[in-house]
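When you read off a place in the sequence shown, starting at 1, and then add 7, the result is the number in the numbering used here. In this text, a Cβ means the ideal position worked out from N, Cα and C, and glycines have one as well. Nothing here was measured: the structure is a model prediction, and the numbers come from that model. Below is one structure, written out as structure tokens, with a few remarks after it.
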Amino acid sequence: MSVGAVNNTAVKNRIDYLDFVKGLAIISVVLLHTLPSGWLKPIFAVFHIWQAVPVFIFVAGITGCITWERRKKNISAYYKDLPSKIWGLYLPYIIAVLLYQLYVFDFMNPFHFVTSILSGSVGPGGYFVSLIVQHMLIFPFILMLRDKLGNDNKFLLACLFISFLLEWLFVSACAADPNADNMFYRFFYGRYLFVAALGATFYNNQSLFSAFKLRVLSGISIVYIILTLYFGISLSFIPNEWNPQHYPSYFYTYLLVAWLVKNKNKVSDSLHHIISKFGKNSYDIFITQLFIFSTFGVSMRHGFFTALLLPFICLYGGLLVAYLKKKYTLI
């Protein structure tokens, strides 16, 4: 049995571990935005809380696979309710951005507002909204490729090649404009495609990697992360930005998720419950923390006690937003 193998027979258990993993990921997002950026490398955050976005995309690969199977692998059925889902992602973000503009009393012109919303350029982590929307639009075709190949080893090799090609094309395109990578790379889905593909295989083929093979592959990822982030080594075919979040890093993400799933039941019931609750409401928490850090975060970080309170304000504020939405069906 592979590292992190879990029971694949019960959908309830699958959803349970997804909520738990998402809960830890959203806690990590809040901590990332709370801690001074200068702390992240010394505390080796790249191996735990800095994995938040790759873990979220990994989970999105799992949920995308679940949706694909529920829609009987029919592309038309998959896209049928997608517009409402996309609107459900953008509307809370739009509201948060409008509230932020109202708070600072500085309003964008309509064109700038629309482009900022679509690119997620407002607020810490705003690009994540665009990433998830791109994932929802593109990932069905990745799953069609998986079905066509009929072999997960071939599927991952194909996705690895696609990721390499997309990254290389991005580097080539940016060579003519040195600022382009900073502008667009943050919400470029191509750099996360491979981790989403790994999530899809984790969902219903966790025996794909033996324990030894997974350790070797994740070891390669760890070496890559250390060389690029701590020693400044760069590869000509991969952009220098966001070094920990490229396709060579994602076998470590796989190992991390597998380890979390394997050990989730070792956590006390009460702690497991609250972490899973954060996971179920992770998007509301994400939007809440984005608004809080955009408006009050800088001033609150200056005080020791207020900085300590920030994560709790974001997490439980997000739960309050989720509760109010359900109670009054606001969105």
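Short check: CB of residue i to CB of residue j, under 7 Å?
{"i": "Phe258", "j": "Ser214", "result": "no"}
{"i": "Tyr3", "j": "Thr302", "result": "Outside the shown range of the chain (8 to 338) lies residue 3, about which nothing can therefore be said."}
{"i": "Ile33", "j": "Ser289", "result": "yes"}
{"i": "Leu25", "j": "Val66", "result": "yes"}
{"i": "Ile64", "j": "Tyr254", "result": "no"}
{"i": "Ser44", "j": "Ala59", "result": "no"}
{"i": "Phe285", "j": "Gly127", "result": "no"}
{"i": "Ser256", "j": "Ile232", "result": "yes"}
{"i": "Cys321", "j": "Val129", "result": "no"}
{"i": "Ile73", "j": "Ile101", "result": "no"}
{"i": "Phe27", "j": "Lys271", "result": "yes"}
{"i": "Pro131", "j": "Phe319", "result": "no"}
{"i": "Leu221", "j": "Leu262", "result": "yes"}
{"i": "Trp75", "j": "Leu138", "result": "no"}
Taking the C-alpha atoms as reference points, what is the distance between residue i and residue j?
{"i": "Ala103", "j": "Val121", "result": "14 Å"}
{"i": "Thr341", "j": "Val111", "result": "One cannot answer for residue 341 here, as it falls past the ends of the chain, which runs 8 to 338."}
{"i": "Phe168", "j": "Ser243", "result": "16 Å"}
{"i": "Leu163", "j": "Leu205", "result": "7 Å"}
{"i": "Lys273", "j": "Gly133", "result": "33 Å"}
{"i": "Val223", "j": "Met115", "result": "49 Å"}
{"i": "Glu136", "j": "Gly197", "result": "Residue identity check: residue 136 is Val in the sequence provided, not Glu. The alpha-carbon atoms of Val136 and Gly197 are separated by roughly 15 Å."}
{"i": "Tyr210", "j": "Leu109", "result": "43 Å"}
{"i": "Pro251", "j": "Ile22", "result": "28 Å"}
{"i": "Leu327", "j": "Lys334", "result": "10 Å"}
{"i": "Gly68", "j": "Ala207", "result": "5 Å"}
{"i": "Met8", "j": "Tyr192", "result": "For Met8, the predicted model reports a pLDDT of 37, less than 50, meaning its position is unreliable and no value from the coordinates is stated."}
{"i": "Val10", "j": "Lys269", "result": "Low confidence applies to Val10: its pLDDT is 39, below 50, so where it sits in the model is not reliable, and the reading given next is rough at best. Going from the Cα of Val10 to the Cα of Lys269 covers about 8 Å."}
{"i": "Lys87", "j": "Tyr330", "result": "28 Å"}
{"i": "Ile50", "j": "Ile56", "result": "10 Å"}
{"i": "Ser83", "j": "Ala180", "result": "33 Å"}
{"i": "Phe298", "j": "Arg78", "result": "35 Å"}
{"i": "Gly324", "j": "Ile292", "result": "7 Å"}
{"i": "Phe171", "j": "Ala165", "result": "10 Å"}
{"i": "Pro246", "j": "Leu236", "result": "13 Å"}
{"i": "Trp94", "j": "Val140", "result": "10 Å"}
{"i": "Met4", "j": "Asp159", "result": "The displayed coordinates of the chain run from 8 to 338. Any statement about residue 4 would go beyond what the structure contains."}
{"i": "Pro117", "j": "Leu105", "result": "12 Å"}
{"i": "Leu47", "j": "Trp249", "result": "13 Å"}
{"i": "Leu278", "j": "Lys287", "result": "14 Å"}
{"i": "Asp276", "j": "Arg153", "result": "37 Å"}
{"i": "Lys155", "j": "Val230", "result": "33 Å"}
{"i": "Ala52", "j": "Leu234", "result": "15 Å"}
{"i": "Val119", "j": "Gly157", "result": "Just to set this straight, residue 119 is His in the shown sequence, not Val. Their backbone Cα atoms lie some 44 Å apart in a straight line."}
{"i": "Pro90", "j": "Pro99", "result": "15 Å"}
Residue i and residue j look like a contact to me (Cβ under 8 Å); what is the Cβ gap, rounded to whole Å?
{"i": "Ala314", "j": "Thr41", "result": "7 Å"}
{"i": "Val62", "j": "Thr295", "result": "Contact doesn't hold; Cβ gap of about 19 Å is too wide."}
{"i": "Phe195", "j": "Phe219", "result": "With a Cβ gap of about 33 Å, Phe195 and Phe219 do not count as contacting."}
{"i": "Ala203", "j": "Phe148", "result": "Not quite, the Cβ-Cβ distance comes to about 12 Å (not below 8 Å), so this is no contact."}
Along the alpha helix (DSSP H) that carries residue i, what are the first and last residues, could you check?
{"i": "Val274", "result": "Segment: none, Val274 is in no alpha helix (DSSP H) and carries neither H nor E."}
{"i": "Asn211", "result": "200-211"}
{"i": "Lys87", "result": "82-87"}
{"i": "Phe146", "result": "134-156"}
{"i": "Gln296", "result": "289-299"}
{"i": "Arg77", "result": "59-77"}
{"i": "His119", "result": "117-126"}
{"i": "Gly197", "result": "Segment: none, Gly197 is in no alpha helix (DSSP H) and carries neither H nor E."}
{"i": "Ser228", "result": "218-237"}
{"i": "Glu174", "result": "159-181"}
{"i": "Leu47", "result": "44-47"}
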